[in-house]
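*Asks:* Take -13 as the starting number for the sequence shown in this note's numbering and just add one per residue.
We put the beta carbon where it would ideally sit given N, CA and C, even for glycine.
Computed from a prediction, not measured in an experiment: that's the story for all the values here.
Below is one structure. I have some questions about it.
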Amino acid sequence: MVGPKVLETVIGSMLIALVAVSMAAFSAAAPSDRRLSNGDIVKDEARAALPRAESFGGDPDLEPGFPVQALHLPGSYHGGPALHTLVGNIDGDAELEILVTGLAVGPLYAWNHDGSIVTGWPITRLEGAGYMVLGEFEREKPGLEIFSGHFGSRVGLAMWHGNGRAFLSWPRRTANYISTPGTAADVDGDGTDEVFICEEGVSSDW
Ligand SMILES: [Ca+2]
Ligand SMILES: [Ca+2]
Ligand SMILES: [Ca+2]
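See the structure below:
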């Protein structure tokens, strides 16, 4: 038969072990690790070892705190062209238009808010799914203009007015195919946007 003193010692040992396990679990998460909502801890030594922006080659164009490391988790990817949809004002009236690429060889569509097709669309001049970007590429014309990079076409870069007509000097050839939408921003402050794209394996700006 186990006496009261022995039982007290056993319970005390169990409590000490439980506290030790809890402290070990708590200390397993380093500041650079990420704790998921289910309690799992994702360790990322690479993230902790990444240099801060101020020491990242002394690049003055990097904002403080960058570059940052994205979370590393197993995921998935898609291959081939994908649907891409944009909403914006391409004619300067009071309503927004809806722009969508067709798969897998185009064309580019634009619909008005009431479901009617925008005059001058669809655009069939370039083949391949078109990833469109809206930007202020011609300030004299009301509304935003459209840049499109096309998947599966070596003549795959074009710029369009809201009425579907191509800009002069476009389209242009690509070194490789376009698999993602680009972006537009006025990085030199002249009031007209520049467009940035990523060809598969190549970076470009126009
Ligand atoms: Ca409009
Ligand atoms: Ca414009
Ligand atoms: Ca500009």
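What's the gap between the Cα of Gly88 and the Cα of Pro108?
*Replies:* 10 angstroms
*Asks:* Looking at the strands, I want to know which residues DSSP matches up with His136.
*Replies:* Gly116
*Asks:* Need the endpoints of the beta strand (DSSP E) that Ala96 sits in, please.
*Replies:* 94 to 97
*Asks:* Grab me the residues of Gly148's own chain with a C-beta within less than 6 angstroms of its C-beta, minus the 5 sequence neighbours each way, in chain order.
*Replies:* Ile76, Asp77, Gly129
*Asks:* Would Thr197 be called buried (16 or more neighbouring beta carbons within 10 Å of its own) or exposed?
*Replies:* In this structure the chain extends from -13 to 192, so residue 197 is not present and cannot be described.
*Asks:* Can you find the residues in the same chain that come closer than 8 angstroms, C-beta to C-beta, to Tyr168, ignoring five residues on each side of it along the sequence?
*Replies:* Sequence inspection shows Gly at residue 168; the Tyr mentioned does not correspond to that position. Excluding positions up to five away in sequence, the list reads Tyr117, Val119, Phe133, Gly135, Val181, Phe182, Ile183, Cys184.
*Asks:* According to DSSP, Ala144 sits in a beta bridge with which residue or residues?
*Replies:* Ser134
*Asks:* To which residues does DSSP link Ile109 through a beta bridge?
*Replies:* Leu94
*Asks:* Considering only heavy atoms of ligand 1, does any lie closer than 6 angstroms to the CB of Glu81?
*Replies:* Distances taken from the Cβ of Glu81 to the heavy atoms of ligand 1 include one shorter than 6 angstroms.
*Asks:* To which residues does DSSP link Gly121 through a beta bridge?
*Replies:* Glu131
*Asks:* Where do the ends of the beta strand (DSSP E) carrying Gly150 lie?
*Replies:* If you look at Gly150, you'll find it isn't in any beta strand (DSSP E); DSSP assigns it neither H nor E.
*Asks:* Looking only at C-alpha atoms, which of Glu81, Glu113, Gly101, Val104 sits nearest to Gly92?
*Replies:* Per the C-alpha coordinates, the member of Glu81, Glu113, Gly101, Val104 positioned closest to Gly92 is Glu113.
*Asks:* Determine the extent of the beta strand (DSSP E) in which Ile84 is found, giving its start and end residues.
*Replies:* 83 to 87
*Asks:* Nearest by alpha-carbon distance to Gly65: which of Trp97, Arg111, Ile164 is it?
*Replies:* Checking every option, the nearest Cα to that of Gly65 belongs to Ile164.
*Asks:* Within 10 Å of its beta-carbon, does Leu57 have 16 or more other beta-carbons around it, so buried, or fewer, so exposed?
*Replies:* exposed
*Asks:* Compare the beta carbon distance of Leu143 and Arg125 with 7 angstroms and say whether it is the shorter of the two.
*Replies:* no
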